[in-house]
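Everything in the sequence shown is counted per full-length UniProt numbering, starting at 138 for the first residue and increasing by one.
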Amino acid sequence: GSGPGAWDVEDPGAVRLADVGGMTEVKDRLEAAFLAPLRNPELRRLYGKSLRGGLLLYGPPGCGKTFVARAVAGELGAHFLSVSVNDVLDMWVGNSERNMHEVFETARRRSPCVVFLDELDALGGKRSRTRSGGMRTTVNQLLTELDGVDATANEGVFVLAATNAPWDVDLALRRPGRFDRTLLVLPPDAPAREAILRYHLRDRPIERVDLGRLVKLTDGFSGADLAHVCESAAETALLDSARTGTVRMIGMPDLLGAARQITPSTEPW
Ligand code: ATP
């Protein structure tokens, strides 16, 4: 794993929930659990809504779990610290715990900060390379960090976690006040794919294209696949422009060509 200080904190970014295609229910629940209470402290006190307890995002890879967490940070004007639990784990006794502590200390120093813990199931021990006895102390360390040393320690620190395998997540982490609520992030349906394509083409020179056709052709594509289609279509048009010395708009052939190069990465979930 990486040593102390190796955790990369992103500055508050421009991504907003509106930039996330699809995921209507996920966005609604993030609004209810985090954003509305945070924006309205008086109402939060009136209704006795606590900010404790994290949300667990689950679903197949590449469908926007990290992206939506980054958007939550964007909405809050918060820093964003994305960490994979596998990078926290270390084979040496005590190092995983120290790394976990360091992640949260970093977030506290940079508060407001959204901490995104990817691959939370790695703490479940089932598929891990370290001994499960060692894993227990790492789970306990995470619980300690979530509870905070005192009531104000975690002020401005917001924790989201993600997994592709929720059934492997340690049960101690699923108890009330911890990662007790799960949000399913599914591969994008047709309207979501259209929104995702629009988002990734928004600031690029583009001809009028038949997005509907592209949406039909990209059934089974993840958000990451769709981002990649737009990226490589842009690359093709850029290369042409560089060769000819005239700017050529991105067109349907570029997008179709790019889509054909990709094997959809999601299976029926
Ligand atoms: P993993 O489980 O592999 O971490 P993930 O679900 O966290 O996958 P992301 O890293 O969020 O996937 O997605 C990869 C990229 O795909 C994003 O940076 C973004 O550009 C694009 N993307 C994915 N989903 C969406 C979406 N719903 N709207 C817009 N862009 C998306």
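We put the CB at the ideal spot given by N, CA and C, even for glycine.
Note that the structure is a prediction, hence the values are computed from the model and not measured.
Could you work out which residue in the options is closest to residue i when comparing CA atoms only?
i	options	result
residue 191	255, 231, 160, 227	255
residue 306	295, 399, 279	279
residue 342	308, 318, 320, 378	378
residue 272	258, 174, 284, 283	258
residue 335	316, 368, 317	368
residue 226	217, 218, 238	238
residue 217	317, 250, 157, 177	250
residue 316	300, 233, 159, 157	300
residue 358	382, 345, 330, 383	330
residue 137	345, 400, 387, 346	As shown, the chain starts at 138 and ends at 406. That puts residue 137 outside it, with no answer to give.
residue 166	356, 332, 319	319
residue 231	356, 283, 274, 383	274
residue 204	179, 314, 160	160
How long is the line joining the alpha carbons of residue i and residue j, rounded to whole angstroms?
i	j	result
residue 339	residue 360	15 Å
residue 141	residue 241	Residue confidence is low: residue 141 scores 49 on pLDDT, short of 50, so the model does not pin down where it sits. Its coordinate-derived value is still stated next. Taking the straight line from one Cα to the other gives about 11 Å.
residue 398	residue 354	12 Å
residue 294	residue 253	11 Å
residue 304	residue 144	27 Å
residue 154	residue 350	26 Å
residue 223	residue 244	18 Å
residue 199	residue 261	22 Å
residue 229	residue 281	20 Å
residue 337	residue 188	33 Å
residue 389	residue 348	9 Å
residue 139	residue 236	Reliability fails at residue 139, whose pLDDT of 47 lies under 50, so the model's placement of it is uncertain and the value that follows must be treated cautiously. Their Cα atoms are separated by approximately 8 Å.
residue 168	residue 380	47 Å
residue 366	residue 158	15 Å
residue 328	residue 289	42 Å
residue 201	residue 185	31 Å
residue 346	residue 220	38 Å
residue 332	residue 402	19 Å
residue 156	residue 284	32 Å
residue 172	residue 179	13 Å
residue 234	residue 356	42 Å
Inspect the beta-carbon positions of residue i and residue j and report whether they are closer than 8 Å.
i	j	result
residue 409	residue 197	A question about residue 409 goes unanswered here, because the residues of the chain that appear run from 138 up to 406.
residue 364	residue 391	no
residue 297	residue 194	yes
residue 396	residue 385	no
residue 206	residue 149	no
residue 146	residue 312	no
residue 151	residue 211	yes
residue 213	residue 175	yes
residue 322	residue 209	no
residue 412	residue 302	What is shown of the chain runs 138 to 406, which leaves residue 412 out entirely.
State the start and end residues of the unbroken alpha helix (DSSP H) segment that holds residue i.
i	result
residue 366	360-381
residue 224	222-225
residue 241	232-246
residue 356	Segment: none, residue 356 is in no alpha helix (DSSP H) and carries neither H nor E.
residue 253	That residue, residue 253, is in no alpha helix (DSSP H); its beta strand (DSSP E) goes 250-255.
residue 335	327-338
residue 161	161-167
residue 203	202-213
residue 176	173-176
residue 392	389-397
Which two residues bound the contiguous beta strand (DSSP E) that contains residue i?
i	result
residue 189	Careful: residue 189 lies outside any beta strand (DSSP E) and carries neither H nor E.
residue 311	From DSSP, residue 311 is part of no beta strand (DSSP E); its letter is neither H nor E.
residue 103	What the structure shows of the chain is the stretch from 138 to 406, and residue 103 is not part of that stretch, so it cannot be assessed.
residue 260	Element bounds for residue 260: n/a, residue is neither H nor E.
residue 321	318-321
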